[in-house]
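Just below is one structure, and these are the notes that go with it.
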Amino acid sequence: MSEVRKVFEKGEAVRIVLQYDSGRLKSLVTRKQVFVILNVTVFPVKDADGKVTNAVIQHVDITRQRQATADLRLSESKFRGLFEYMTSGVAIYAAVDSGEDFVFKDFNPTAERIDALRKDQVIGKRITEVFPGVREFGLFAVLQKVYKTGNPEYLPVALYKDQRESGWRENWIYKLPNGDIVAIFNDITARKEAEDKLEDARNYLNALFNTISDPIFVKDRQHRMVLANDAECRLAGCSREELIGKTDYDFFPKEQVDVFWRYDETVFNTGQESSNEEQITDPSGAVRTIITKKSLYTDKNGNKFIVGIIRDITERKHAEEEIKKAYEQLKDTQAQLIQAGKMSALGQFASGAAHELNNPLTGVLNNVQLIKMEARGREYFDLDDFKELLDIVENSALRCKRITQSLLDFAHGAKHKFGPVTLDELIEKTSELVTHELRLQNIVLEKDLQPGLPVIQGDFQLLEQVIFGLIVNARWAIEKKSKDGGVITLKTWSGPGGKTVSVSVSDTGIGIPPENLAKLFTPFFTTKDVGEGTGLGLALSYNIIKSHKGEMSVESRVGAGTTVTITLPSGGTS
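If you use numbering that gives the first Met the number 0, the sequence shown corresponds to residues 0 to 573, in order.
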């Protein structure tokens with residue numbers, strides 16, 4: 000060997016490393032070729048003259064040592080790669096002052112990003128210097144504990160805060176065999192903020208859900224409660240914990256739940272929303288009337304749920320019954336007021352009606368006496384001899400009949416029977432009641448009636464009362480203006496295409512101030528003096544016309560007179 004020759008030539012020891020790669024060296028276990036690495040030293044042996052006479056070869060097998068060094072380097076390389084590219088922050092500390100403090104030995108790139116610090120800013124510095132809030136954060140005590148015990152520790156999520164930075168962190172702490180302390184940590188600030196927002200939203204929705212006064216529930220396909228607000232718990236008379244997982248049969252009478260169950264199944268099977276009136280017994284034992292609106296919800300896994308909202312309408316139902324009773328009473332009262340209005344108006348024309356009857360009755364009596372006188376001196380006579388007188392008697396009697404019938408019809412209670420009505424006939428019949436009385440007060444009644452008006456569908460007696468009342472008001476307005484009388488004009492006409500018919504009652508009376516026009520149809524409002532009117536006449540007339548789907552309007556000028564116009568839909572037939 001050249002190394003041996005060098006020993007003899009130079010007289011100095013030579014060290015070399017030899018690696019054997021020989022098929023003769025097999026592993027006793029694997030029977031595979033193995034490599035043997037030897038650390039060889041050749042020492043010279045000299046005589047008395049200093050001449051090298053022999054060489055001693057010493058060799059040490061360093062195969063395992065070399066393998067261990069290689070493995071260590073590989074391990075360090077892998078650790079460094081893991082350390083550099085970990086998504087978690089990693090800090091390695093060395094304990095100083097027997098664990099009273101810790102200095103940074105290493106700091107990976109993720110840690111630099113999380114804490115916004117460069118590695119060269121922290122290496123060799125104490126943790127209490129770099130992170131002054133580490134004690135309050137709780138990490139310092141955990142580092143000391145791991146250093147003393149050697150056992151790993153987990154520091155739960157907490158908020159780290161100092162003058163430089165603030166963020167939510169979680170830490171895992173380990174102790175290495177060489178005594179160094181490793182802290183692996185994650186910044187979960189974004190996740191924590193998202194969780195907090197989610198929690199706030201959940202709390203908000205939960206508070207909102209429980210603030211709703213109507214009971215709300217969610218049932219699964221087995222009709223078990225999976226969600227319920229406070230109102231639903233109150234309705235069932237139990238806590239939410241007692242309610243969840245149960246069915247309605249656990250809280251309400253079977254006959255009521257059978258109805259709920261049937262409606263639920265319909266929604267489950269058809270997917271159609273339902274809204275039903277139901278009966279339910281509350282915790283006090285009172286039976287409540289409810290309307291339950293139910294909808295189907297299907298989650299992403301295909302599970303079906305019923306979402307229900309309950310509206311308690313018990314009080315509304317009671318109120319409806321009371322309103323119905325009050326309405327019936329109001330109808331009776333209105334009928335009584337209409338009749339009272341008729342009798343009041345009739346009383347105002349009682350004397351005129353008496354005169355209207357007295358004139359024809361006088362003619363009847365005079366002509367009957369004349370016939371008797373003519374017939375007394377005759378043995379034989381024929382009715383034709385008295386035809387003229389008898390015709391006068393007949394016509395006078397018929398006139399009395401018409402006036403009497405008009406008075407009876409007008410005074411009769413309203414029957415509220417609708418039928419064909421002709422305005423001209425209505426006005427002529429009403430006029431018979433007032434003509435004489437108006438004449439006595441020097442009031443002229445003029446009529447401008449359009450022939451062939453379309454008929455309307457209405458209650459003859461109620462419409463007659465309206466026209467009669469308007470004539471009464473017109474007469475009062477004229478009397479208030481002057482004792483010399485005036486003119487009342489009744490006019491009728493048809494609208495475009497004969498779709499409507501109208502009648503107006505005009506007078507030459509005192510008129511109505513503009514500020515009072517909007518109040519005329521208000522019950523108990525009147526421009527008459529105390530004792531002259533109740534303020535119900537126009538209000539009742541307005542309601543009667545409205546019930547005929549008509550309209551009533553008033554035009555007036557102070558000192559010039561007033562015109563009241565009524566427009567009604569026609570029946571389409573003349």
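In this text, a Cβ means the ideal position worked out from N, Cα and C, and glycines have one as well.
Item to complete: Closer than 7 Å by C-beta to GLY560: which residues in its own chain qualify, once you throw out the five before and the five after it? Chain order, please.
Response: Here the set comprises SER505, ASP506, THR507, GLY508 and GLY510.
Worksheet item: LEU537 by DSSP, collapsed to three states: which one?
Response: helix
Discussion item. Can you tell me where the beta strand (DSSP E) holding ASN275 begins and where it ends?
Written reply: Unbroken beta strand (DSSP E) run through ASN275: 273-280.
Worksheet entry | Bridge-paired residues (DSSP) for GLN440 | According to DSSP, which records beta bridges pairwise, GLN440 is partnered with nothing at all.
Item to complete: Starting from LEU253, follow the beta strand (DSSP E) in both directions and report where the run begins and ends.
Response: The question names Leu, yet the displayed sequence has Lys at residue 253. Not the beta strand (DSSP E): LYS253 falls in the alpha helix (DSSP H), residues 253-269.
Worksheet item: Of all the options VAL256, ARG223, LEU138 and ASN38, which has the alpha carbon lying nearest to the alpha carbon of THR291?
Response: VAL256
Discussion item. Does the contact criterion of 3 or more C-beta pairs under 8 Å hold for the stretch 190-206 versus the stretch 125-141?
Written reply: no
Practice prompt. Under 7 Å Cβ to Cβ from GLY166, same chain only, skipping five residues before and after it: list those, please.
Written response: TYR159, ASP186 and THR188
Worksheet item: Apart from the five residues just before and just after SER493, which ones in its own chain have a Cβ nearer than 8 Å to its Cβ?
Response: Closer than 8 Å at the Cβ level, and outside the excluded window around SER493, lie GLN449, LEU452, PRO453, THR499, VAL500, SER501 and SER569.
Worksheet entry | Reduced DSSP secondary structure (H/G/I, E/B, other) of GLU554 | In this structure, GLU554 counts as strand in the three-state DSSP scheme.
Worksheet item: Quick one: does ASP96 have its CB under 8 Å from some CB of chain C?
Response: Of the chains in the structure shown, none is chain C; there is only one protein chain.
Worksheet item: Out of VAL51, LYS45, VAL44 and THR40, which has the shortest C-alpha to C-alpha gap to GLN57?
Response: Ranking the options by Cα distance to GLN57, first place goes to THR40.
Worksheet item: Using the rule of at least 16 other Cβ atoms within 10 Å of the residue's Cβ for burial, across every protein chain shown, is ALA182 buried or exposed?
Response: buried
Worksheet item: ILE308: which of GLU277, LYS9 and LYS386 sits nearest, CA to CA?
Response: For the set GLU277, LYS9 and LYS386, the Cα lying nearest the Cα of ILE308 is the one of GLU277.
Worksheet item: Touching or not, the stretch 419-427 and the stretch 472-487, by the rule of three or more beta carbon pairs under 8 Å?
Response: No, because fewer than three Cβ pairs between the stretch 419-427 and the stretch 472-487 fall closer than 8 Å, the two stretches do not touch.
Worksheet item: Straight-line CA distance for LYS174 to GLU198?
Response: 36 Å
Worksheet entry | Burial state of GLU231, where buried means 16 or more other Cβ atoms lie within 10 Å | Under the 10 Å beta carbon count, GLU231 is surrounded by 16 or more other beta carbons and is classified as buried.
Worksheet entry | ILE426 beta carbon less than 8 Å from that of LEU369 | no
Discussion item. In this structure, how does DSSP classify GLY88 when only helix, strand and coil are distinguished?
Written reply: strand
Practice prompt. Reducing DSSP to helix, strand and coil, say where VAL576 ends up.
Written response: Within the shown structure, residues of the chain are numbered from 0 to 573, placing residue 576 beyond reach of any answer.
Worksheet item: In three-state DSSP terms, what is GLY49?
Response: Correct three-state label for GLY49: coil.
Discussion item. To the nearest angstrom, how far is the alpha carbon of ARG134 from that of ARG112?
Written reply: 22 Å
Discussion item. Below 8 Å, how does it come out for the stretch 464-474 and the stretch 537-547: are there three or more Cβ pairs, yes or no?
Written reply: yes
Fill in: Backbone CA spacing between ALA374 and ILE477 [nearest angstrom]
Cα to Cα, ALA374 sits roughly 50 Å from ILE477.
Practice prompt. Return the residue from the list ILE36, ALA47, SER430 and VAL51 that minimises the CA-CA distance to VAL59.
Written response: The residue from ILE36, ALA47, SER430 and VAL51 with its alpha-carbon nearest to that of VAL59 is ILE36.
Discussion item. What does the alpha-carbon distance come out to for the pair VAL557 and LEU329?
Written reply: 36 Å
Fill in: Best match in ASP281, PHE304, ARG14 and GLY132 for proximity to GLN162 [C-alpha to C-alpha]
GLY132
Fill in: Nearest residue (CA-CA) to LYS303, options GLN271, ARG125, LYS386 and GLU424
Of the listed residues, the one whose Cα sits closest to LYS303 is GLN271.
Worksheet entry | 8 Å Cβ cutoff met for SER503 and VAL563 | yes
Worksheet item: For VAL145, which residues of its own chain have a beta-carbon under 8 Å away from its beta-carbon, when the five flanking residues on both sides are left out?
Response: PRO151, GLU152, ILE172, TYR173, LYS174 and ILE180
Worksheet item: How many Å lie between ILE126 and TYR84 at the Cα?
Response: 23 Å
Discussion item. Quick check on GLN221: buried or exposed, where buried means 16 or more other Cβ atoms within 10 Å of its Cβ?
Written reply: exposed
Worksheet entry | Whether LYS147 touches GLY98 by CB criterion (8 Å) | Yes, they are a contact pair.
Fill in: Alpha-carbon to alpha-carbon, LYS323 and ASP263
C-alpha of ASP263 to C-alpha of LYS323: approximately 33 Å in a straight line.
Item to complete: Measure the Cβ-Cβ separation of ILE279 and LYS293 and say whether it is below 8 Å.
Response: no
Item to complete: Please report how far the alpha carbon of ASN472 lies from the alpha carbon of GLU387, in whole angstroms.
Response: 41 Å
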